[in-house]
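Peer 1: Before anything else, here's the structure in question.
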Amino acid sequence: KNEVEQSPQNLTAQEGEFITINCSYSVGISALHWLQQHPGGGIVSLFMLSSGKKKHGRLIATINIQEKHSSLHITASHPRDSAVYICAVRSSTGNQFYFGTGTSLTVIP
Amino acid sequence: DTEVTQTPKHLVMGMTNKKSLKCEQHMGHRAMYWYKQKAKKPPELMFVYSYEKLSINESVPSRFSPECPNSSLLNLHLHALQPEDSALYLCASSHPGQGFRTTGELFFGEGSRLTVL
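Top line first, the protein sequences correspond to chains A and B.
For the first sequence, our numbering gives the first residue as 7, with consecutive numbering after it.
For the second sequence, our numbering gives the first residue as 1055, with consecutive numbering after it.
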């Protein structure tokens, strides 16, 4: 069993739709990261969360530490949002990061 | 400067070659990581250096040899690789984690895409 589970694995949306990607984890963490990777490209950190909620432009990330769950929301989705979104958690014991398998998002014009 | 710079971006090598991947950051991060990523898969941890000392080696074959010559540089030396080692190799850095309130944002480089013939 993976320490980090994401859903859905694949997601196709029409431009303008509200999108939610979910992440659950089973280990003790010091922080949770939402990462974005475009095809063939490097990884960009979108958010780092240890509690509550963060917002950056059309992106919102929330975390519930008690339930070990986080969500990434994209409002008014756009084709340029098409990418793989990866949830990663940093273990509370040190420098180990655990990665989810990613959610491949395609936004159709 | 919030960049992690990896070179080369692309590398093609034969199974008998010796080559190196390089990673550099100037954010004062004392934890640096090598990850291997195959297509449509999440990154797999290979090595972690913390304060320039190897702290995690995820049972990586000895044909991969990491080196951290100083706090800004991380190398991955490659020798006698196999075609199945072809992948995107990602370097990342962060402040070392020490507890819940540590700011430990993870910064990734663009990766070095390796093809072994």
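Even for Gly, the Cβ is constructed at its ideal location relative to N, Cα and C.
These figures come from a predicted structure and were not determined experimentally.
In chain order, what residues of the same chain lie with their CB nearer than 6 Å to the CB of T112(A), ignoring the 5 residues before and after it?
Peer 2: Taking the first residue of the first sequence as position 1, residue 112(A) is located at position 106. Here the set comprises T18, S88.
Peer 1: Look at the alpha carbon of I1110(B) and the alpha carbon of G22(A), and state the distance between them as a whole number of angstroms.
Peer 2: By 1-based counting over the second sequence, the position of residue 1110(B) is 56. By 1-based counting over the first sequence, the position of residue 22(A) is 16. Their backbone Cα atoms lie some 43 Å apart in a straight line.
Peer 1: Using the three-state DSSP reduction, which class does L17(A) fall into: helix, strand or coil?
Peer 2: By 1-based counting over the first sequence, the position of residue 17(A) is 11. Here L17(A) sits in strand by DSSP.
Peer 1: Between G1163(B) and chain A, is the shortest Cβ-Cβ distance under 7 Å, so that the two count as touching?
Peer 2: The residue given as residue 1163(B) occupies position 109 in the second sequence. Yes - at least one Cβ of chain A is within 7 Å of the one on G1163(B).
Peer 1: Measuring straight from C-alpha to C-alpha, what distance separates N70(A) and A94(A)?
Peer 2: Within the first sequence, numbered from 1, the residue matching residue 70(A) stands at position 64. Within the first sequence, numbered from 1, the residue matching residue 94(A) stands at position 88. Those two C-alpha atoms are separated by around 15 Å.
Peer 1: What first and last residue would you give for the beta strand (DSSP E) that runs through F24(A)?
Peer 2: Position 18 of the first sequence, counted from the first residue, corresponds to residue 24(A). Taken as a continuous stretch (DSSP letters only), F24(A) belongs to no beta strand (DSSP E), as it is neither H nor E.
Peer 1: Starting from the beta carbon of I27(A), find every residue of chain B whose beta carbon is closer than 9 Å, and list them in chain order.
Peer 2: Numbered from its first residue, the first sequence carries residue 27(A) at position 21. Simply none; closest approach about 14 Å.
Peer 1: Determine, for T107(A), whether the minimum Cβ-Cβ distance to residues of chain B falls below 7 Å.
Peer 2: Counting from one through the first sequence, the residue named residue 107(A) turns up at place 101. For T107(A), the answer is yes, since a Cβ of chain B falls inside 7 Å of its Cβ.
Peer 1: Is there a C-beta anywhere in chain A that falls below 7 Å from the one on A1141(B)?
Peer 2: Taking the second sequence and counting its residues from 1, one reaches residue 1141(B) at position 87. Chain A contact via Cβ: absent.
Peer 1: Could you please give the first and the last residue of the uninterrupted beta strand (DSSP E) stretch that includes T68(A)?
Peer 2: Here residue 68(A) refers to the residue found at position 62 when the first sequence is read from its first residue. Segment 65-70, the beta strand (DSSP E) holding T68(A).
Peer 1: Could you list the residues in the stretch 41-73 of chain A with a C-beta less than 8 Å from some C-beta on chain B, going in chain order?
Peer 2: If the cut-off is 8 Å between Cβ atoms, the stretch 41-73 of chain A has L41, G46, G47, G48, I49, V50, S51, M54, S56 near chain B.
Peer 1: Should P1097(B) be labelled buried (16 or more other beta-carbon atoms within 10 Å of its own) or exposed?
Peer 2: In the second sequence, counting from the first residue as 1, residue 1097(B) sits at position 43. Buried, since its Cβ has 16 or more Cβ neighbours within 10 Å.
Peer 1: Determine whether the Cβ of E1020(B) lies closer than 7 Å to any Cβ atom of chain A.
Peer 2: Residue 1020(B) cannot be examined here, being either before or after the span of chain B that is shown, 1055 to 1171.
Peer 1: Give me the Cα-Cα distance between G34(A) and C1122(B), rounded to the nearest whole angstrom.
Peer 2: Your numbering for residue 34(A) matches position 28 in the first sequence. Your numbering for residue 1122(B) matches position 68 in the second sequence. Roughly 29 Å separates the two Cα atoms.
Peer 1: When you compare each of N8(A), G47(A), F24(A), N28(A) to A15(A) by their alpha carbons, which one comes out closest?
Peer 2: Residue numbering aside, residue 15(A) sits at position 9 when the first sequence is read from its first letter. At residue 15(A) the sequence reads Gln, which differs from the Ala that was named. Cα-wise, what sits closest to Q15(A) is N28(A).
Peer 1: Could you spell out where the beta strand (DSSP E) holding T1169(B) opens and where it closes?
Peer 2: What you label residue 1169(B) is simply residue 115 of the second sequence in a count that begins at 1. 1166-1170 is the span of the beta strand (DSSP E), which, as asked, contains T1169(B).
Peer 1: Quick one: give me the first and last residue of the beta strand (DSSP E) that E1121(B) is part of.
Peer 2: Sequence index remark: in the second sequence, residue 1121(B) carries index 67 (1-based). Segment 1118-1124, the beta strand (DSSP E) holding E1121(B).
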